[in-house]
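Chemist: Reminder that position 460 of the sequence shown reads as 485 in this note's numbering, one-by-one numbering, no gaps.
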Amino acid sequence: MGISYQGPVVLIIMDGVGLKDTAVGNAVKLANKPTLDRLFSDYPLVSLKAHGTAVGLPSEDDMGNSEVGHNAIGAGQIYSQGAKLVSESISTRALYDSAVWKELISGAASGGTLHFMGLLSDGNVHSHINHLLAMLDEAKAEGVKKARVHILLDGRDVGETSALQYVGQLEDKLASLSDATHDFRIASGGGRMKITMDRYGANWSMVEAGWKLHVLGEGRQFASAAQAIETYRAEIPGVIDQDLPGFVIAEDGKPVGEIEDGDSVILFNFRGDRAIEITAAFESDASFDKFDRVRVPSVLYAGMLEYDGDLHVPKKYLVSPPLIRNTLGEKLADEKIPQLAISETQKFGHVTYFFNGNRSSKFNDELEEYIEIPSDVVPFEQRPWMKSAEITDVLCQKVKENHYPFMRVNFPNGDMVGHTGVLESTIIGVESVDIALKRLLAAIDSVGGMAIITADHGNAEEMYELTKTGEIARDKTGRAKAKTSHTLNPVPCIFYDNTPNKDAYEVIPAADYGLSNLASTIAILLKVEPRECWNRPIIREK
């Protein structure tokens with residue numbers, strides 16, 4: 026008996042929902058989730074690697090993220106990703122040999138200031154501090170006299186209150202590079218969820234706040250970044266790094282690092298989603314209408330990578346991104362199979378742009394439909410259900426219309442709420458996804474379809490930093506240390522199939538599956554021959 030579904034094959038991505046046995050700080054285990062519990066116990070389940078080399082990152086110590094996760098799912102194979110690409114480019118000096126680097130350095134060495142802007146941590150998700158430190162060393166070696174760094178504080182991909190560690194590391198480097206003729210300093214900063222790093226146009230006021238700080242030098246002034254961080258922590262009890270307000274470093278009441286005509290600017294983040302909007306503010310002409318920039322300095326601007334290959338954003342970049350071709354989406358379009366992709370704003374780009382191999386446009390406008398449910402501009406811990414109900418409303422209707430043989434959806438709750446570090450809210454986020462699953466699976470059953478339920482990386486299953494003995498780590502005041510970053514845990518892959526087809530294939534147990542094994546698996550379920558370059562499928566026909 027061959028595989029042939031009356032209804033759609035639906036890929037359900039529960040963003041940030043990983044697998045971990047312990048219940049301590051595990052929002053997935055602690056949630057009231059009858060649908061997921063039934064899926065875990067009654068349907069075929071395998072675990073997938075979603076971090077490290079399995080998704081193209083340098084080592085097994087590197088956490089996965091939504092971008093590389095969706096790249097791997099859609100690509101069906103493993104590509105070297107941002108962090109690894111940049112590290113290789115620096116170690117081989119290809120970055121420094123690039124025409125863009127030489128142009129930036131030439132401008133700064135001719136009297137301008139070289140500005141670096143980006144996320145200051147070693148989280149290796151958006152950036153890595155080592156890349157910044159290496160470029161600072163090289164800039165001085167190549168004759169740059171004045172450099173300024175505009176730091177975005179993390180507390181999301183690393184410890185929630187670890188900013189001073191990275192600031193100290195950077196300050197040591199800047200001090201070692203500064204002398205009577207060289208002036209290297211921090212100029213501005215703030216928490217990544219307060220300034221600069223918005224994505225998908227969800228909250229342009231964040232970008233405006235960053236512009237005022239970095240470019241115009243407008244903001245609360247401090248003598249140092251450490252002073253700013255310590256002051257805000259004293260003033261705002263319990264605040265974590267990603268939520269720290271913006272600041273400007275000043276001397277005698279004057280900002281030390283406004284961005285002026287003739288300067289060079291490098292955005293050293295390698296991940297694209299939270300880099301595109303600030304790039305647009307620098308590169309757009311007078312038609313830019315997202316906020317009043319007041320003044321737009323004439324600068325040489327470059328990103329670490331090309332953040333959008335279709336739109337060519339930014340115009341200049343230091344390292345070429347992976348060339349991802351032969352994706353699942355492209356293959357299905359070639360086979361004339363209609364596809365639907367849906368999520369809310371926070372993850373819409375993941376089921377479209379990243380899933381399609383960093384491609385903004387559709388492969389076939391007539392065969393593909395992309396639906397974006399606008400996200401609320403509200404702190405996620407205050408509304409942890411996010412848009413799960415609205416996504417499900419639309420998707421259930423689309424399932425029942427049964428026009429698209431392949432559908433993919435992302436529920437962001439486990440990731441976006443998990444990043445807040447608030448366990449209680451994250452539990453509600455997981456429960457919201459569970460409610461959505463109950464409704465969605467019933468709709469799939471009604472038309473004779475099936476679902477693969479998985480995740481792109483872990484997060485919600487590990488909400489506290491734990492000691493070696495498995496207990497909750499605590500700070501000096503006894504407060505539990507929240508874990509706001511992604512994890513190194515595997516993710517589930519559940520085959521929900523109540524059709525006669527469930528007897529036509531079998532799930533093959535293996536310990537080395539990763540997210541890239543899904544493309545060939547989905548192809549088989551859709552009666553499409555997998556590409557030879559894809560990693561092996563998780564199932565086989567009987």
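All C-beta atoms in this analysis are idealised placements derived from N, C-alpha and C, irrespective of residue type, glycine included.
What number of angstroms, rounded off, separates the C-alpha of M26 from the C-alpha of N526?
Modeler: Interpretation of M26 is limited by its pLDDT of 46, a score under 50 that renders its predicted location unreliable; the figure taken from the coordinates is listed afterwards. Looking at the two C-alpha atoms, the distance is approximately 8 Å.
Chemist: Do the CB positions of A212 and V273 come within less than 9 Å of each other?
Modeler: In contact: A212 and V273 (Cβ atoms closer than 9 Å).
Chemist: Quick one: using the 10 Å Cβ neighbour count with 16 as the cut-off for buried, is K567 buried or exposed?
Modeler: Flag for K567 reads exposed.
Chemist: Given a cut-off of 9 Å, decide if G99 and T512 are closer than it, judged by their beta-carbon atoms.
Modeler: No. Outside cutoff.
Chemist: What is the rounded straight-line gap between the Cα of L540 and the Cα of H375?
Modeler: C-alpha separation (whole angstroms): 14 Å.
Chemist: What residue ranges within the segment 328 to 407 form continuous alpha helix (DSSP H) runs of no fewer than 4 residues, ordered along the chain?
Modeler: If we require 4 residues or more, the alpha helix (DSSP H) runs fully inside the segment 328 to 407 come out as 353 to 359 and 370 to 374.
Chemist: Could you tell me the distance, in whole angstroms, from the CA atom of I254 to the CA atom of G446?
Modeler: In a straight line, the C-alpha of I254 is about 19 Å away from that of G446.
Chemist: Assuming the contact rule is C-beta atoms closer than 8 Å, L292 and I301 should be a hit. Round their C-beta distance to whole Å, please.
Modeler: Not confirmed; about 10 Å, so no contact.
Chemist: Using the Cα positions of G215 and A248, report the straight-line distance between them to the nearest angstrom.
Modeler: If I take the Cα positions, the gap works out to 14 Å.
Chemist: Start and end of the alpha helix (DSSP H) containing H239?
Modeler: H239 -> alpha helix (DSSP H) spans W229 to H239.
Chemist: Please name the residue, chosen from S91, P59 and Y68, that lies closest to G43 on a Cα-to-Cα basis.
Modeler: The option with the nearest alpha carbon to G43 is S91.
Chemist: Helix, strand or coil, according to DSSP, for L199 in the structure here?
Modeler: The answer is helix: DSSP assigns L199 an H, G or I state.
Chemist: Please check the pair A164 and L178, which I expect to be a contact at CB under 8 Å, by giving their CB distance rounded to whole angstroms.
Modeler: That pair is no contact at about 22 Å.
Chemist: Apart from the five residues just before and just after A468, which ones in its own chain have a Cβ nearer than 7 Å to its Cβ?
Modeler: Once the five neighbours on either side are set aside, the close Cβ partners of A468 are C421, V424 and K425.
Chemist: From this set, N514, N523, C558 and K237, which residue's C-alpha is nearest H76's C-alpha?
Modeler: Out of N514, N523, C558 and K237, N514 has the C-alpha closest to the C-alpha of H76.
Chemist: Any idea what DSSP makes of R63, helix, strand or coil?
Modeler: Three-state DSSP puts R63 in a helix.
Chemist: Just checking my contact of H140 with R173 at CB under 8 Å: how many whole Å lie between their CB atoms?
Modeler: Right, the Cβ-Cβ distance comes to about 5 Å (below 8 Å), so this counts as a contact.
Chemist: Whether or not the segment 472 to 487 and the segment 29 to 47 are in contact is what I'm after, with contact meaning three or more pairs of Cβ atoms, one per stretch, closer than 8 Å; do they touch?
Modeler: These segments touch.
Chemist: What distance in whole Å lies between the Cβ atoms of G184 and A234, which are believed to be in contact at a cut-off of 8 Å?
Modeler: Not quite, the Cβ-Cβ distance comes to about 24 Å (not below 8 Å), so this is no contact.
Chemist: Pop quiz: L64 and I533 are said to be a contact at Cβ under 8 Å. What is the actual Cβ separation, rounded to whole angstroms?
Modeler: L64 to I533, Cβ: 19 Å. No contact.
Chemist: Between P399 and chain D, is any beta-carbon pair separated by less than 9 Å?
Modeler: In the structure shown, chain D does not exist; there is a single protein chain.
Chemist: Consult DSSP for K165 and reduce its assignment to one of helix, strand or coil.
Modeler: Of the three classes helix, strand and coil, the one that applies to K165 here is helix, per DSSP.
Chemist: Using the three-state DSSP reduction, which class does T546 fall into: helix, strand or coil?
Modeler: In this structure, T546 counts as helix in the three-state DSSP scheme.
Chemist: Please work out which residues of its chain come closer than 8 Å, Cβ to Cβ, to A498, disregarding the five sequence neighbours upstream and downstream, and give them in chain order.
Modeler: Hits under 8 Å: Y489, E490, L491, T492, A505 and K506.
Chemist: Return the chain-ordered list of same chain residues with a C-beta closer than 6 Å to the C-beta of A250, the five sequence neighbours on each side being excluded.
Modeler: Hits under 6 Å: V192, I211 and G214.
Chemist: Does the Cβ of G495 have 16 or more other Cβ atoms within 10 Å, making it buried, or fewer, making it exposed?
Modeler: By the neighbour-count rule (16 or more Cβ atoms within 10 Å), G495 is not buried but exposed.
Chemist: Determine the contact status of S123 and V319, defining contact as a CB-CB distance below 9 Å.
Modeler: Cβ distance not < 9 Å, so S123 and V319 don't count as in contact.
Chemist: Checking the sheet assignment: what are the DSSP bridge partners for R565?
Modeler: E531.
Chemist: Helix, strand or coil: how does DSSP classify Y225 here?
Modeler: The answer is coil: DSSP assigns Y225 none of H, G, I, E or B.
Chemist: Would you decide whether D440 is buried or exposed? Buried here means 16 or more other CB atoms lie within 10 Å of its CB.
Modeler: The residue in question, D440, is buried, as its Cβ has 16 or more Cβ neighbours within 10 Å.
Chemist: Could you check whether P83 and S112 sit closer than 9 Å to each other, using their CB atoms as the reference points?
Modeler: Yes, these two residues count as a Cβ contact at 9 Å.
Chemist: If you run the structure through DSSP and keep just helix, strand and coil, what is K171?
Modeler: Here K171 sits in strand by DSSP.
Chemist: Given a cut-off of 9 Å on the beta-carbon distance, is the pair M329 and G107 in contact?
Modeler: Closer than 9 Å, so yes.
Chemist: Taking the straight line between their C-alpha atoms, what separation do you get for V169 and A134?
Modeler: Distance between the alpha carbons of V169 and A134 is about 5 Å.
Chemist: Since N295 and S152 should fall inside the 8 Å C-beta cutoff, what is the C-beta to C-beta distance between them, to a whole number of angstroms?
Modeler: In the sequence under discussion, the amino acid at residue 295 is Phe, which differs from the Asn named in the question. Between S152 and F295 the Cβ distance is about 6 Å, and since that is below 8 Å, they are a contact.
Chemist: Is it the case that the Cβ atoms of G474 and P33 are separated by a distance below 9 Å?
Modeler: Yes; because the gap between Cβ atoms is below 9 Å, this pair is in contact.
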